[in-house]
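Asks: Here it is, the structure in full.
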Amino acid sequence: MTWLQERKQFVKALLSNPAAIGAVAPSGPALAAAITASIPPNAGKVLELGCGTGVFTREMLRKGVDPARLVLVEQDEAMSSSLRTQFPQAAVLQVSAQELSRDSHPELDGIGAAICGLPLRNMSGAHHHRLLTAVFDAMAEGGSMELFTYGVRCPIAPGVLDACGLSARRVGFVPFNLPPASVFSLARRP
Ligand SMILES: C[S@@+](CC[C@H](N)C(=O)[O-])C[C@H]1O[C@@H](n2cnc3c(N)ncnc32)[C@H](O)[C@@H]1O
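Under mature numbering (1 follows the signal peptide of the UniProt record, and there is no 0), residues -32 to -1, 1 to 158 are what the sequence shown spells out, in order.
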């Protein structure tokens, strides 16, 4: 996909559903590097939520993650279709992330790591709870989920983290992104 095609696809999705996109442009290379930094090439199955045009996905492939071990979740039809074309070996699920469950989506089973590109600040606490329950229900021991936010605080409320038995840690700040972003890592509490 060329730079121009990527921008066109993003703007089209933004105009049709601004709240679901929640950003003015696809994430830049510095944020893609930061959010994928903790994913080793041998991470096993990796779940990506809210893939958009595939910036984080391409970065994972560049780092050596096996495309056949990727589970990509994107609700937008045009973006999902483009992800299928770009990453034919990956499992692309065109579903709403908060509807995910291990029972209805066996592709999730045994994921070793997850990254999240969803506009979490535009989602309710109930949606966060449902999403995190499904992700960590499927996550292998010791796995974590990295997310980004344009704020300085974790977009998941402390009450939701408590209810899910998770802790959040800020692991990065990316000033050279439009807009600047923080990266948080969520993991099960010991
Ligand atoms: C801020 S964009 C991020 C895209 C890409 N990860 C990036 O950083 O450039 C958010 C993406 O999440 C998708 N999205 C929003 N809500 C979603 C949901 N509930 N389930 C699945 N995908 C969702 C949007 O369609 C959009 O592609």
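Ideal Cβ placement from N, Cα and C applies to all residues, glycine included.
1. Considering cysteine 132, what are the terminal residues of the alpha helix (DSSP H) in which it resides?
2. Let me check you understand the geometry: is the CB of glycine 85 closer than 7 Å to at least one non-hydrogen atom of ligand 1?
3. Candidates Ala82, Ala102, Ser69, Phe116: which alpha carbon is nearest phenylalanine 141's?
4. Only counting the same chain, and skipping five residues up and downstream in sequence, which positions put a Cβ closer than 8 Å to that of proline 87?
5. Put lysine 31 into one of helix, strand or coil per three-state DSSP.
6. Just to check, is the beta-carbon of cysteine 19 closer than 7 Å to a non-hydrogen atom of ligand 2?
7. Would you call the CB atoms of glutamate 114 and valine 151 closer than 8 Å?
8. Just confirm the distance between the C-beta atoms of leucine -2 and valine 14, as a whole number of angstroms; I'd bet it's less than 8 Å.
9. Start and end of the beta strand (DSSP E) containing glycine 22?
10. Going by beta-carbon coordinates alone, are phenylalanine 55 and glycine 22 separated by less than 8 Å?
11. Bridge partners of methionine 107, per DSSP?
12. Kindly identify the DSSP beta-bridge partner or partners of alanine 155.
13. Whose C-alpha, out of Asp71, Thr53, Val103, is nearest the C-alpha of arginine 26?
14. Tell me, which residues are paired with valine 39 by DSSP?
15. At a threshold of 7 Å, does residue 247 count as lining ligand 1 (C-beta to nearest heavy atom)?
16. Roughly how many angstroms lie between the CA atoms of alanine 65 and alanine 131, to the nearest whole one?
17. Roughly how many angstroms lie between the CA atoms of glycine 78 and alanine 108, to the nearest whole one?
18. Let me check you understand the geometry: is the CB of glutamine -24 closer than 7 Å to at least one non-hydrogen atom of ligand 1?
Replies: The short version:
1. 126 to 132
2. yes
3. Phe116
4. Ala(-14), Ala(-13), Ile(-12), Gly(-11), Ala(-10), Gly18
5. coil
6. Among the ligands in the structure shown, ligand 2 does not appear; only ligand 1 can be found there.
7. yes
8. That pair is no contact at about 17 Å.
9. Note, glycine 22: premise wrong, no beta strand (DSSP E); not H, not E.
10. yes
11. Ile79
12. Ser112, Ser135
13. Thr53
14. Leu15, Ala59
15. Only positions -32 to 158 of the chain appear in the structure, and residue 247 is not among them; the question remains open.
16. 19 Å
17. 5 Å
18. no
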